[in-house]
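The structure appears right after this line, and notes come after that.
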Amino acid sequence: MYEKITAENPYEVPMRIYPAVHYTMGGLWVDYELMSNIKGLFVLGEANFSDHGANRLGASALMQGLADGYFVIPYTIGNYLADEIKNPLVPSNHEAFDEAERKVSDRIDQLMSIKGSRPVESFHKSLGRIMWNKCGMARNAQGLQEAIKEVRELKEEFWKDVRIPGEINEMNPELDKAQRVADFIELGELMCIDALHRNESAGGHFRDEYQTPDGEALRRDDEFMYVAAWEYISEHQWQLHKEELRYEEVKPTQRSYK
Amino acid sequence: MEHYTMHLTLKVWRQKNADSKGRFETYEVKDISSEMSFLEMFDVLNERLIREGKEPIAFDHDCREGICGTCSMYINGRPHGPWHATTTCQLHMRAFRNGDTIVVEPWRAKAFPVIKDLIVNRNAFDRIIQAGGYISVNTGNAVDGNAIPIKKENADKAFAAAACIGCGACVAACKNSSALLFVSAKVAHLALLPQGEPERKTRVVSMIEQMDKEGFGSCTFTQACEAVCPKEISITNISRLKKEYLRAGLESDR
Numbered sequence: 000m001y002e003k004i005t006a007e008n009p010y011e012v013p014m015r016i017y018p019a020v021h022y023t024m025g026g027l028w029v030d031y032e033l034m035s036n037i038k039g040l041f042v043l044g045e046a047n048f049s050d051h052g053a054n055r056l057g058a059s060a061l062m063q064g065l066a067d068g069y070f071v072i073p074y075t076i077g078n079y080l081a082d083e084i085k086n087p088l089v090p091s092n093h094e095a096f097d098e099a100e101r102k103v104s105d106r107i108d109q110l111m112s113i114k115g116s117r118p119v120e121s122f123h124k125s126l127g128r129i130m131w132n133k134c135g136m137a138r139n140a141q142g143l144q145e146a147i148k149e150v151r152e153l154k155e156e157f158w159k160d161v162r163i164p165g166e167i168n169e170m171n172p173e174l175d176k177a178q179r180v181a182d183f184i185e186l187g188e189l190m191c192i193d194a195l196h197r198n199e200s201a202g203g204h205f206r207d208e209y210q211t212p213d214g215e216a217l218r219r220d221d222e223f224m225y226v227a228a229w230e231y232i233s234e235h236q237w238q239l240h241k242e243e244l245r246y247e248e249v250k251p252t253q254r255s256y257k
Numbered sequence: 000m001e002h003y004t005m006h007l008t009l010k011v012w013r014q015k016n017a018d019s020k021g022r023f024e025t026y027e028v029k030d031i032s033s034e035m036s037f038l039e040m041f042d043v044l045n046e047r048l049i050r051e052g053k054e055p056i057a058f059d060h061d062c063r064e065g066i067c068g069t070c071s072m073y074i075n076g077r078p079h080g081p082w083h084a085t086t087t088c089q090l091h092m093r094a095f096r097n098g099d100t101i102v103v104e105p106w107r108a109k110a111f112p113v114i115k116d117l118i119v120n121r122n123a124f125d126r127i128i129q130a131g132g133y134i135s136v137n138t139g140n141a142v143d144g145n146a147i148p149i150k151k152e153n154a155d156k157a158f159a160a161a162a163c164i165g166c167g168a169c170v171a172a173c174k175n176s177s178a179l180l181f182v183s184a185k186v187a188h189l190a191l192l193p194q195g196e197p198e199r200k201t202r203v204v205s206m207i208e209q210m211d212k213e214g215f216g217s218c219t220f221t222q223a224c225e226a227v228c229p230k231e232i233s234i235t236n237i238s239r240l241k242k243e244y245l246r247a248g249l250e251s252d253r
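First to last, the sequence lines map onto chains R and Z.
Counted from 1, the first sequence has number 115 at position 116 by numbering that gives the first Met the number 0; the numbering is strictly sequential.
Counted from 1, the second sequence has number 204 at position 205 by numbering that gives the first Met the number 0; the numbering is strictly sequential.
As C-alpha cells, then:
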C-alpha cells in the first residue's frame with residue numbers, strides 16, 4: 000500500500016513517516032450497559048466513549064467492537080427489553096416521530112436554501128486547518144482560544160455561504176457531506192473547549208504548558224483524574240459532567256518512552 | 000519518484016438517475032499533481048464544478064484505503080483502472096501522463112443499476128450474502144485460540160478468499176456479468192473453516208439461487224474477473240465452489 004501511494008519501495012528507500020489524524024478519541028457517553036443518556040439508545044464500539052475513548056492504541060477500536068458486540072450487548076439489550084415487553088409498540092404517528100422528522104427536514108431545508116458560494120469541501124478543509132494547527136498533537140491555551148474563535152467564525156460563514164448543488168429528493172452526496180461537516184464544526188469547537196479546559200497533558204492531549212523538563216507529558220492527577228462528559232445545552236454551550244476515575248489495584252504512573 | 004503536474008481530458012459518464020438516459024461529458028482538468036489519488040483528482044474537479052454552479056460528479060467512496068470496496072469506476076476500459084491489484088482510491092495520478100484522455104464509466108451490469116453518474120446499486124451482493132454468507136454457530140465464551148487445529152494450507156486459502164471486499168469489479172469485467180468469483184470467494188472462505196461446517200450443504204445452493212435471481216449472468220470461465228480483482232481473488236475458488244455445489248447436490252437434505 001505504501002508503495003502505491005508514494006511510488007517508493009520501503010525495502011530500498013527509508014519510509015517517509017509523518018503524523019496524520021486517524022481517529023477522534025472519545026465518543027457518546029454510555030453507562031455500563033452501553034445505554035446512552037437517551038433511554039433505549041445503545042451505543043456500541045468506537046462510537047461510545049468508554050474503552051476506545053480512554054485508550055487510543057492500535058486495534059482498540061476493533062477490540063471494543065468485538066467486546067461490546069459479543070459480550071455486553073447481547074445481555075444488556077435483553078435486560079432492557081425485558082422491562083419493555085408489556086408495553087405496546089409505539090406507533091410511528093406518535094408526535095415524537097413527527098417532531099424528529101420536522102427537525103431533520105427543517106435543517107435540510109435550511110441548508111439547501113443558503114445557496115451561497117463556497118463548496119462544502121472548502122469548509123471541511125478550513126476546519127481541518129484550524130484543528131491541525133491549533134488543536135493538534137501539541138496545543139496551548141492561546142492557540143485553543145484562537146481556534147474556538149475561528150471555528151465559531153467558520154460556523155457562521157458556513158450557515159451563510161455554503162453552496163449545495165442538486166436537490167433534496169435525489170441521491171445528493173453534497174447534501175450528505177454538508178450535514179456531516181456541520182456536525183464536525185460543532186464537534187471541533189467542543190474539542191477545543193475541552194482541550195482548553197484540561198490544564199494538564201495526558202495521553203493524546205499534550206499541552207505545551209504542561210511538560211516535564213525533558214519534554215514528556217505532565218499529568219496533574221490531583222485536579223484532572225476524571226472523564227469529561229460534555230452535555231449539549233445550546234449553541235456554543237456545553238455543560239461538563241465529571242466522572243471520577245478510581246484506581247484501586249493499579250496505580251497510574253508517569254509514562255515514558257525512554 | 001519525480002513529481003510532475005499534468006493537464007488531462009476526462010470523459011465521464013453522467014446520468015441523473017436510473018430512469019434517465021446517460022451520456023459522456025468532457026472535462027478539461029489542469030495542474031493535476033502526479034501525487035494525487037484518482038479520487039482526489041475528482042475532488043478537485045468537483046469543487047470547481049460546484050463553484051461554477053454545475054452539478055458535481057457523483058461517485059462512491061468511503062475508506063480511501065483500499066479495504067472497504069466502495070469505490071467503483073471503470074477507467075479506460077478496466078475496473079479500477081490500469082494498475083494491477085489496486086482499487087480506484089489507491090490508483091494514483093502518476094499512472095497517467097500529461098495530455099492523456101481518461102474515460103470513466105460506472106460498473107455496467109443488469110444487476111447493478113445506475114443510481115447516479117458513477118454510483119451503482121450493489122444491493123444484489125448484500126442479498127447474496129444474506130442468502131448464505133454467514134455462520135450460525137453461537138459465539139458464546141471465547142474459545143482457546145488453538146482448540147480446533149486448522150491446517151495451515153486451509154487457513155491460508157480461507158484467508159486469501161476472505162480478502163474479497165465485494166466491490167463488484169469481477170461482475171463489471173465479465174462479458175456475462177457473472178458474479179461467480181464473488182460468490183465463490185464467500186463460499187470458499189466459509190467452507191474451508193470449521194465455523195462454516197453447519198451450513199456447508201445449504202449455503203452454496205442458497206447463494207447460487209440468489210445470484211441467479213438477481214440477474215447475474217453465467218460463468219464461462221474467461222478469467223477476466225481474476226485479472227481485474229483488486230484483491231487478487233483466485234479463480235481456483237470457482238473450482239472449489241463447483242465442488243461444494245456438487246457435494247451439496249449429492250448430500251443435501253433439501
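Every residue, glycine too, gets a C-beta built ideally from N, C-alpha and C.
Chain Z contact for residue i (CB, 8 Å cutoff)
i, result
"isoleucine 72/R", "no"
"proline 164/R", "yes"
"isoleucine 76/R", "no"
"lysine 3/R", "yes"
"methionine 34/R", "no"
"methionine 0/R", "yes"
C-beta contact flag for residue i and residue j at 8 Å
i, j, result
"arginine 202/Z", "glycine 131/Z", "yes"
"valine 161/R", "valine 103/R", "no"
"histidine 2/Z", "serine 32/Z", "yes"
"serine 36/Z", "histidine 91/Z", "yes"
"leucine 195/R", "glutamine 236/R", "no"
"phenylalanine 48/R", "histidine 123/R", "no"
"alanine 187/Z", "lysine 156/Z", "yes"
"glutamate 32/R", "asparagine 86/R", "no"
"methionine 111/R", "isoleucine 167/R", "yes"
"valine 170/Z", "phenylalanine 220/Z", "no"
"glycine 68/Z", "isoleucine 128/Z", "no"
"alanine 178/Z", "phenylalanine 215/Z", "yes"
"glycine 167/Z", "arginine 121/Z", "yes"
"leucine 217/R", "serine 200/R", "yes"
Short CB-CB distance (under 8 Å) between residue i and chain R
i, result
"glutamine 194/Z", "no"
"cysteine 114/Z", "Before going on, a small fix: residue 114/Z reads as isoleucine here, not cysteine. Yes, isoleucine 114/Z counts as interfacial toward chain R."
"arginine 239/Z", "no"
"isoleucine 232/Z", "no"
"isoleucine 118/Z", "yes"
Buried versus exposed, by CB contacts within 10 Å (16 or more), residue i
i, result
"aspartate 59/Z", "buried"
"arginine 15/R", "exposed"
"tyrosine 73/Z", "buried"
"lysine 230/Z", "buried"
"proline 55/Z", "buried"
"lysine 115/Z", "buried"
"isoleucine 207/Z", "buried"
"valine 12/R", "exposed"
"proline 90/R", "exposed"
"methionine 0/R", "exposed"
"threonine 100/Z", "exposed"
"glycine 131/R", "What sits at residue 131/R in the sequence shown is tryptophan, not glycine. Tryptophan 131/R should be labelled exposed."
Next on the checklist: Counting only Cβ-Cβ distances shorter than 9 Å, please list the residues of the region 113–147 of chain R near chain Z, keeping chain order.
Outcome noted: Correct list: Ser116, Arg117, Pro118, Val119, Glu120, Ser121.
Checklist entry - Going along the chain, which unbroken runs of the beta strand (DSSP E) with 3 or more residues stay wholly within the region 145–170 of chain Z? => result Runs of the beta strand (DSSP E) inside the region 145–170 of chain Z: none found.
Item to check | the region 44–69 of chain Z: positions lying closer than 7 Å to chain R by Cβ | outcome: Going along the region 44–69 of chain Z in chain order, one finds Glu46, Ile49, Arg50, Glu54, Pro55, Ala57, Gly65 with a Cβ nearer than 7 Å to chain R.
Checklist entry - What residues from the region 124–136 of chain Z come within 7 Å of chain R, judged by C-beta to C-beta, listed N to C? => result Those would be none; no residue qualifies.
Checklist entry - Looking at chain R, which residues of the region 4–16 of chain Z have a Cβ within less than 7 Å of any of its Cβ atoms? => result Of all residues in the region 4–16 of chain Z, Asn16 have a Cβ within less than 7 Å of some Cβ in chain R.
Item to check | Chain-ordered residues of the region 167–197 of chain R with a beta carbon less than 9 Å from chain Z | outcome: From the region 167–197 of chain R, only Glu169, Met170, Asn171, Pro172, Glu173 have a Cβ closer than 9 Å to chain Z.
Item to check | Residues within the region 85–109 of chain Z neighbouring chain R, beta-carbon criterion of under 9 Å | outcome: Contact annotation: in the region 85–109 of chain Z, residues whose CB is within less than 9 Å of a CB in chain R are Thr85, Gln89, Leu90, His91, Arg93.
Checklist entry - Using a Cβ cut-off of 7 Å, which residues of the region 28–45 of chain Z contact any Cβ in chain R, in chain order? => result Listed by position, the residues of the region 28–45 of chain Z near chain R (Cβ gap below 7 Å) are Asp42.
Next on the checklist: Quick check on the DSSP output: what are the complete alpha helix (DSSP H) runs of length 4 or more inside the region 16–65 of chain R, in order along the chain?
Outcome noted: The qualifying runs are 50–53, 59–65.
Next on the checklist: By the 9 Å beta-carbon criterion, what residues does the region 5–25 of chain R contribute toward chain Z?
Outcome noted: Taking 9 Å as the upper bound on Cβ-Cβ separation, chain Z lies near residues Thr5, Ala6, Glu7 of the region 5–25 of chain R.
Item to check | Ordered list of alpha helix (DSSP H) runs contained in the region 106–144 of chain R, each at least 4 residues | outcome: List check, alpha helix (DSSP H) in window: 119–133.
Item to check | beta strand (DSSP E) segments (min. 3 residues) lying fully within the region 213–244 of chain R | outcome: Complete beta strand (DSSP E) runs here, min 3: 225–233, 236–243.
Checklist entry - Quick one: complete beta strand (DSSP E) runs, 3+ long, within the region 67–135 of chain Z? => result Taken in chain order, the complete beta strand (DSSP E) segments of 3 residues or longer contained in the region 67–135 of chain Z are 100–104, 113–115.
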